[in-house]
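Chains as they are written, first to last, in my numbering: chain A, 119 to 402; chain B, 119 to 402. For glycine and all other residues, C-beta sits at the position ideal for the given N, C-alpha and C. In this text the structure is predicted, and so the values were computed from the model without any measurement.
Number of protein chains: 2
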Amino acid sequence: MTQHRWNTIAIVGPGLIGASLGQALLRRGVVGRVVGVARRRSTLNQARQVGAITHGSTSLPRAVREAELVVVCTPVAAVAQGVQAALEHTPPQAVVTDAGSVKEPIVQAVWSACPKQATRFVPAHPLAGSHQSGPRHARADLFQDRLAILTPVRQNPAEAVEQVERLWQCVGARTVRLSAREHDRRMAWTSHLPHVVAAVLAGTVPPRWNDFTGTGYRDTTRLAAGEVELWVQILTENAPQVQRALEQFEKQLQQWLRAVRRRDARALGRLLQQAKRRRDAVGN
Amino acid sequence: MTQHRWNTIAIVGPGLIGASLGQALLRRGVVGRVVGVARRRSTLNQARQVGAITHGSTSLPRAVREAELVVVCTPVAAVAQGVQAALEHTPPQAVVTDAGSVKEPIVQAVWSACPKQATRFVPAHPLAGSHQSGPRHARADLFQDRLAILTPVRQNPAEAVEQVERLWQCVGARTVRLSAREHDRRMAWTSHLPHVVAAVLAGTVPPRWNDFTGTGYRDTTRLAAGEVELWVQILTENAPQVQRALEQFEKQLQQWLRAVRRRDARALGRLLQQAKRRRDAVGN
Numbered sequence: 119m120t121q122h123r124w125n126t127i128a129i130v131g132p133g134l135i136g137a138s139l140g141q142a143l144l145r146r147g148v149v150g151r152v153v154g155v156a157r158r159r160s161t162l163n164q165a166r167q168v169g170a171i172t173h174g175s176t177s178l179p180r181a182v183r184e185a186e187l188v189v190v191c192t193p194v195a196a197v198a199q200g201v202q203a204a205l206e207h208t209p210p211q212a213v214v215t216d217a218g219s220v221k222e223p224i225v226q227a228v229w230s231a232c233p234k235q236a237t238r239f240v241p242a243h244p245l246a247g248s249h250q251s252g253p254r255h256a257r258a259d260l261f262q263d264r265l266a267i268l269t270p271v272r273q274n275p276a277e278a279v280e281q282v283e284r285l286w287q288c289v290g291a292r293t294v295r296l297s298a299r300e301h302d303r304r305m306a307w308t309s310h311l312p313h314v315v316a317a318v319l320a321g322t323v324p325p326r327w328n329d330f331t332g333t334g335y336r337d338t339t340r341l342a343a344g345e346v347e348l349w350v351q352i353l354t355e356n357a358p359q360v361q362r363a364l365e366q367f368e369k370q371l372q373q374w375l376r377a378v379r380r381r382d383a384r385a386l387g388r389l390l391q392q393a394k395r396r397r398d399a400v401g402n
Numbered sequence: 119m120t121q122h123r124w125n126t127i128a129i130v131g132p133g134l135i136g137a138s139l140g141q142a143l144l145r146r147g148v149v150g151r152v153v154g155v156a157r158r159r160s161t162l163n164q165a166r167q168v169g170a171i172t173h174g175s176t177s178l179p180r181a182v183r184e185a186e187l188v189v190v191c192t193p194v195a196a197v198a199q200g201v202q203a204a205l206e207h208t209p210p211q212a213v214v215t216d217a218g219s220v221k222e223p224i225v226q227a228v229w230s231a232c233p234k235q236a237t238r239f240v241p242a243h244p245l246a247g248s249h250q251s252g253p254r255h256a257r258a259d260l261f262q263d264r265l266a267i268l269t270p271v272r273q274n275p276a277e278a279v280e281q282v283e284r285l286w287q288c289v290g291a292r293t294v295r296l297s298a299r300e301h302d303r304r305m306a307w308t309s310h311l312p313h314v315v316a317a318v319l320a321g322t323v324p325p326r327w328n329d330f331t332g333t334g335y336r337d338t339t340r341l342a343a344g345e346v347e348l349w350v351q352i353l354t355e356n357a358p359q360v361q362r363a364l365e366q367f368e369k370q371l372q373q374w375l376r377a378v379r380r381r382d383a384r385a386l387g388r389l390l391q392q393a394k395r396r397r398d399a400v401g402n
């Protein structure tokens, strides 16, 4: 018999992230049961078909009753509510975490709704994803070599935080701890700004010239194919930080516009060089 | 014995594009000899090693003397000069073409320098490429299912235009004819604008947060790793069109900024929806 690290983990919202996590955990044999929670039976069936969950339920209270760990992977606007429900219905030692791409609004909502239970909530955000969504696109290697950011609060028991770190390390991710505010600030630049920029570009290029686009256009705009509702939520929840990043982008754009208007090859060379140096430093 | 379509094709500048073309032509057995022309012996050696050329020369006049077709694949600022030299030293029936990503300035330069010979110059631009450069990155399938745009002028003999169309169709591309001006106008939107946007973004995100970037940031900024010199040339040669596209992008960006500043979820939803619809129409 294998020794599992966890007997039961509940995954609320087994979409791309949740189902990929379930798959990875089950394949590595670190958990006995993975209970999926979704509103629709069809989602649960798909998650089961791809080996992401062992059990499914449309009732969160029932599904989390025996869980040692609950991971809320719903769209970001539903995370706080999912976390609250999980805190309410889990055993008092159970740890609740999430995978929301914005952290401060979630932490605030959870603490103001249930301050007594909130100490068991360890917020997290794995930096992984795709422009595709749903359990059918789940991949057990989605988190391999990715970064999982935890934004614990001082009230979290050390052990609870470590358990969530182990969860993400188990599926191949590196973990790092940040404050929720600092997380949201960095994500505004490295994730939300690129999304907006890709969408602005996709919205600018006239569709009648689609035939004349190449891989460059496709790469640069790929994010724009992301789920609309999810991104409305992210951008409104993190609006102050996104605004700052966007304003900085606009300043930089003005420099480019000036250089192009003046046909200033030297200025363009400097701007292109700086961009290339920075991009090269990130790797492919 | 195989029947070749061409006995000798000269490729001036066997970099990524030129070497990929040579590879594709030789592997398909449609040409007997491919003569590479480069300033440096090391480039010719690399091109030979990857099977992109059968012969190499650092002298353009000598290399093109027996060519039926010359393809000038140098960086865009050197194309007009390469074309002129090729027109001067090829036999009077030989056709000269290019692969430059900007067309009008090249056509004008060639016609004003050698109006008598210019009828044999059929300008072209295969929509293929990579952020990597040089013959070592050559791929025989680089043009497969891509679009090759020809911008012939009315003085070009029909047969010469058809020969260049056959060239690109031979290596898997579809071909289309446009005026040089129309080509440059469309490329400003579908190629040059995405390049600038990727570079603006790469220049905006603070390097200290590189660890917090994911595949989204990488896709969106990939173009920024392109060759600086090449892009200075493209952006200055096509500056009037690029300026127009960039100004339109800036207008669109202002709409986004307004929506973010007002935390206007509805406006954001509309903008995201429009971007998604357009991006989805392009395919992956």
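Closest by CA to residue i, which one among the options?
i: residue 260 of chain B; options: B/354, B/378, B/138 and B/151; result: B/138
i: residue 253 of chain A; options: A/321, A/164 and A/201; result: A/164
i: residue 246 of chain B; options: B/230, B/219, B/270 and B/269; result: B/219
i: residue 231 of chain B; options: B/202, B/394 and B/184; result: B/202
i: residue 263 of chain B; options: A/330, A/141 and A/171; result: A/330
i: residue 181 of chain A; options: A/282, A/208 and A/159; result: A/208
i: residue 157 of chain B; options: B/176, B/364, B/141 and B/214; result: B/176
i: residue 171 of chain B; options: B/311, B/190 and B/136; result: B/136
i: residue 82 of chain A; options: B/340, B/396 and B/370; result: Because chain A spans 119 through 402 in this model, residue 82 of chain A falls outside it and cannot be assessed.
i: residue 334 of chain B; options: A/215, A/188 and A/310; result: A/310
i: residue 308 of chain B; options: A/308, A/324 and A/306; result: A/324
i: residue 196 of chain A; options: A/183, A/384, A/363 and A/228; result: A/228
i: residue 391 of chain B; options: A/342, A/304, A/371 and A/402; result: A/342
Below 7 Å CB to CB, which residues in the same chain sit around residue i once its five sequence neighbours on both sides are set aside?
i: residue 338 of chain A; result: 316 and 319
i: residue 166 of chain A; result: 174
i: residue 373 of chain A; result: 389
i: residue 291 of chain B; result: 244, 261, 264, 265 and 266
i: residue 274 of chain A; result: 237 and 240
i: residue 283 of chain B; result: 268 and 293
So which residues of chain A does residue i contact, with C-beta pairs closer than 9 Å?
i: residue 261 of chain B; result: Those within 9 Å of residue 261 of chain B in chain A number zero; the least Cβ separation is about 11 Å.
i: residue 309 of chain B; result: 330, 331, 332, 334 and 335
i: residue 325 of chain B; result: 395, 396, 399 and 400
So which residues of chain A does residue i contact, with C-beta pairs closer than 8 Å?
i: residue 199 of chain B; result: Neighbours of residue 199 of chain B on chain A: none; closest Cβ ~17 Å, over 8 Å.
i: residue 361 of chain B; result: 375, 378 and 379
i: residue 231 of chain B; result: The contacting residues do not exist; residue 231 of chain B stays about 22 Å from chain A at best.
i: residue 304 of chain B; result: 327 and 330
Please report the straight-line C-alpha distance between residue i and residue j, rounded to a whole angstrom.
i: residue 257 of chain A; j: residue 169 of chain A; result: 10 Å
i: residue 293 of chain B; j: residue 266 of chain B; result: 5 Å
i: residue 351 of chain A; j: residue 321 of chain A; result: 19 Å
i: residue 192 of chain B; j: residue 358 of chain A; result: 47 Å
i: residue 387 of chain A; j: residue 346 of chain B; result: 6 Å
i: residue 210 of chain A; j: residue 239 of chain A; result: 12 Å
i: residue 462 of chain B; j: residue 126 of chain B; result: An answer regarding residue 462 of chain B cannot be provided, because it is not within the stretch 119 to 402 covered by chain B.
i: residue 367 of chain B; j: residue 297 of chain B; result: 24 Å
i: residue 393 of chain A; j: residue 353 of chain B; result: 15 Å
i: residue 369 of chain A; j: residue 314 of chain B; result: 14 Å
i: residue 146 of chain A; j: residue 286 of chain A; result: 12 Å
i: residue 340 of chain B; j: residue 234 of chain B; result: 42 Å
i: residue 132 of chain B; j: residue 255 of chain B; result: 11 Å
Output, in chain order, the set of chain B residues within a Cβ distance shorter than 7 Å of residue i.
i: residue 342 of chain A; result: 393, 394 and 397
i: residue 313 of chain A; result: 334
i: residue 400 of chain A; result: 328, 331 and 336
i: residue 349 of chain A; result: 390
Does the separation of the CB atoms of residue i and residue j fall below 8 Å?
i: residue 194 of chain B; j: residue 348 of chain B; result: yes
i: residue 268 of chain B; j: residue 242 of chain B; result: yes
i: residue 130 of chain B; j: residue 198 of chain B; result: no
i: residue 398 of chain A; j: residue 356 of chain A; result: no
i: residue 279 of chain A; j: residue 225 of chain A; result: no
i: residue 212 of chain A; j: residue 178 of chain A; result: no
i: residue 217 of chain B; j: residue 128 of chain B; result: no
i: residue 375 of chain B; j: residue 375 of chain A; result: no
i: residue 362 of chain A; j: residue 361 of chain B; result: no
i: residue 400 of chain A; j: residue 336 of chain B; result: yes
i: residue 134 of chain B; j: residue 250 of chain B; result: yes
Strictly below 8 Å CB to CB, what residues from chain B border residue i?
i: residue 297 of chain A; result: In chain order: nothing, as chain B lies at least about 14 Å away.
i: residue 366 of chain A; result: 322
Which chain A residues sit within Cβ distance under 7 Å of residue i?
i: residue 370 of chain B; result: 318, 321 and 322
i: residue 128 of chain B; result: Correct list: empty, because the minimum Cβ distance to chain A is about 26 Å.
Sorted by chain position, which residues of the same chain lie with C-beta nearer than 6 Å to residue i's C-beta, five sequence neighbours on each side aside?
i: residue 142 of chain A; result: 258 and 289
i: residue 221 of chain A; result: 241, 269, 298, 301 and 302
Return yes when the C-beta of residue i is under 7 Å from any heavy atom of the ligand HEM, and no when it is not.
i: residue 263 of chain B; result: As for the ligand HEM, it is missing from this structure, which has no ligand bound.
Using a Cβ-Cβ cut-off of 8 Å (strictly less than) and excluding sequence neighbours within five positions of residue i, which residues of its own chain qualify?
i: residue 122 of chain B; result: 147, 148, 149 and 150
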